[in-house]
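Note sheet for the following structure.
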Amino acid sequence: MTDPLDLDAFRENGHQLIDWIADYLGGLESRPVVEPVSPGDVRAKLPATAPQTAEPFSAMLRDLDEIVVPGLTHWQHPGWFGYFPAMSSPPAILGELAAAGLGVQGMLWSTSPAVTEIESHVLDWLVDLTGVPQKWKTTGPGGGVIQMSASDSTHTALVVAREECRKRTGAPAEQMVAYTSSQTHSSLEKGGNVAGYGHVRLLDVDERFSARPESLRAAIDADIAAGLTPAFVCAAVGTTGTTAVDPVRAFGEIAAEFDLWFHIDAAYAGAAMLCEEFRHHQDGLELVDSYTFNAHKWLATNFDCSIFWVADRTPLIQTLSILPPYLRNAASESGSVIDYRDWHVPLGRRFRALKLWFVLRSFGVEGLQALIRSHVAMANDFTTWVEAHPKLELFAPTVFGLICFTHVDGNDATGALADRINAAGPVYVTPSVIDDKRFIRVSIGSTWTETRHVDGLRDLIQSLL
Ligand SMILES: *Cc1c(COP(=O)(O)O)cnc(C)c1O
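When the letters of the sequence shown are read in order and numbered with my numbering, they come out as residues 712 to 1176.
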């Protein structure tokens, strides 16, 4: 009989699982990126009812191979050029496992002080590492917190902005307006709807897909004239479609002029700021109220690990703090500790900082910079090849690790090329559309992608043209 609480068995099973993960990661290259699965295929392999009696761990390991892996899209595959990277790495996996092993809740400082203090400290390190304003540190007026996703961070910013606007103007949320680029991630519109904003304005963009400050000002003027109340402005540093960068300083100056909350969505590109040569893209951060970037995209840390910084934590805590009697404690009442439950919607929170701490220490800053720079160099080489190719055309400038291109023969040829690339494998690219123009996104940033994999993609495309 298998005792699920037997620690010797746990030790043995754990070693086997680590071996299994290493084999999985090491063997990805020989698998397709996207396993062929039809709806219901996975469930058809599962028993109709839960097991009445204990099963051995070997049965679960077997089903990882037989049921789980054949039902996956392999985001850690070196041929992963789809969407954006969702990086993971051995140190992150071990940090995640350690967090599960500890099984603590970090909702209050007092419910596990190390969870809060390591999180605050690691995010303060990242302030220095990414060159964002010093006042965003928890040792200053601002501070950072790890959220589940950039969507949560942005939603939180929208809620705080709504309350600040209500205090300032007395306007109801239905009258409030949030402004963002037409190229911004859908999480902005969703967050605005969930937070009760009456309007989310999508601003038009220039030929590089960056939102125009004139459009922002014109939209604000028109809304004020119509009796509405502007409340929130978002600039994207790296849009999801093409990694376009909105003019942070120009947007920030307009937001300041009208006393609006100013948020930056750098979900993907924030990681690049570890390398100084990219920081000019976010010049103007002293005008920013909140900022989000996903360590779980391009910083070798597995999901979930979205970083959210505020320049001033007071409005955030005022908006989200509700204190029932069972959560009262001396440390919180002393005002000398951070209680992260007041920094987001959930109460319970796990030890997500552990994996980020392990990653920063295992790679070192130089290791992470080298990783990002290697992806960018591969992207630049690929861009040069596209530009020189008579049948391909760049669709948007390559700013970070994403290349967007089309077939010169137009939409149908571009769509067919994307389909043929993905059918040939073992690579995966994302077909996309902006303003009825189809293009192919090649995102270089998987942990295991090397030059030879990008060369392989290039050779494949060449053979299909
Ligand atoms: C990926 C992405 C998001 C959403 O991130 P989640 O963490 O999945 O919510 C938001 N904005 C941008 C620019 C993104 O690239």
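Ideal Cβ positions, reconstructed from N, Cα and C, are used throughout, including at glycine.
Assignment of Q858 by DSSP, reduced to helix, strand and coil, places it in the strand class. Boundaries of the alpha helix (DSSP H) around E925: 924-936. Put simply, the backbone Cα of R879 is about 14 angstroms away from that of V888. Annotation: the stretch 1038-1109 contains the following complete segments of the beta strand (DSSP E) (minimum length 3 residues), in chain order: 1103-1107. S1017 sits in a strand when the DSSP states are folded into three classes. In this structure, the alpha-carbon of R1149 lies about 41 angstroms from that of V833. By the Cβ criterion, the stretch 753-772 is not in contact with the stretch 1101-1116, since fewer than three pairs of Cβ atoms, one from each stretch, lie closer than 8 angstroms. In the three-state reduction of the DSSP assignment, M771 falls in the helix class, which pools H, G and I.
Under the three-state reduction of DSSP output, K1148 falls in the strand class. When the five nearest sequence neighbours on each side are left out, the beta carbons in the same chain lying within less than 8 angstroms of the beta carbon of K1008 are those of F795, P796, A797, M798, A978, Y979, A982, G1156, in order along the chain.
About 7 angstroms separates the CB atoms of R1060 and Q816; that is less than 8 angstroms, so the two are in contact. Within the same chain, and ignoring the five residues on either side of S926 in sequence, the residues whose Cβ sits closer than 7 angstroms to its Cβ are L914, D915. Relative to G949, the option among F1111, I1132, D734 whose CA is nearest is F1111. Per the C-alpha coordinates, the member of T760, E828, I804 positioned closest to G725 is I804. Under the 10 Å beta carbon count, T1003 is surrounded by 16 or more other beta carbons and is classified as buried. Under DSSP, S892 takes part in a beta bridge, and its partners are L914.
Nearest neighbour of Q858 by Cα position, chosen from L1113, T1125, A1127, A1064, turns out to be A1064.
In this structure, DSSP gives D734 a helical state, which the three-state scheme calls helix.
Per DSSP, the continuous alpha helix (DSSP H) segment holding F962 begins and ends at 959-968.
For S1001, there is no enclosing alpha helix (DSSP H); the enclosing beta strand (DSSP E) covers residues 1001-1005. By the Cβ-count criterion, N904 is exposed, with fewer than 16 other Cβ atoms from all chains shown falling within 10 Å of its own Cβ. I1033 is classed as exposed because its beta carbon has fewer than 16 other beta carbons within 10 Å across all chains shown.
The beta carbon of A947 is closer than 8 angstroms to those of T891, S892, Q894, T895, H896, A922, A955, V956, D957, I975, D976, A977 in its chain, skipping five residues each way along the sequence. A1041 and W847 have their C-alpha atoms spaced approximately 26 angstroms apart.
Three or more Cβ pairs drawn from the stretch 777-792 and the stretch 1130-1148 lie within less than 8 angstroms of each other, which places the two stretches in contact.
Nearest in C-alpha terms to E874, of all of W972, Q1080, G806, is W972.
In this structure, S1157 has its CB at a distance of at least 8 angstroms from all heavy atoms of ligand 1.
Counting only residues of its own chain and dropping the five nearest sequence neighbours on each side, A967 has a CB closer than 8 angstroms to the CB of F973, L998. In this structure, the alpha-carbon of D730 lies about 26 angstroms from that of R1163. Our two residues, T713 and F721, have alpha carbons roughly 11 angstroms apart in a direct line. Spatial neighbours of V959 in its own chain (CB-CB distance under 8 angstroms, excluding positions within 5 residues in sequence) are listed in chain order as A946, V948, I975, H992, Q993, D994, G995, L996, L998, V999. For Q1173, same chain residues with a beta-carbon under 7 angstroms away, outside a window of 5 residues either side, do not exist. With 16 or more other CB atoms across the displayed protein chains lying within 10 angstroms of its CB, M984 is buried. Each residue's CA atom was taken as its position, placing V843 and E987 some 11 angstroms apart. One Cα belongs to A872, the other to A942, and the distance between them is close to 7 angstroms.
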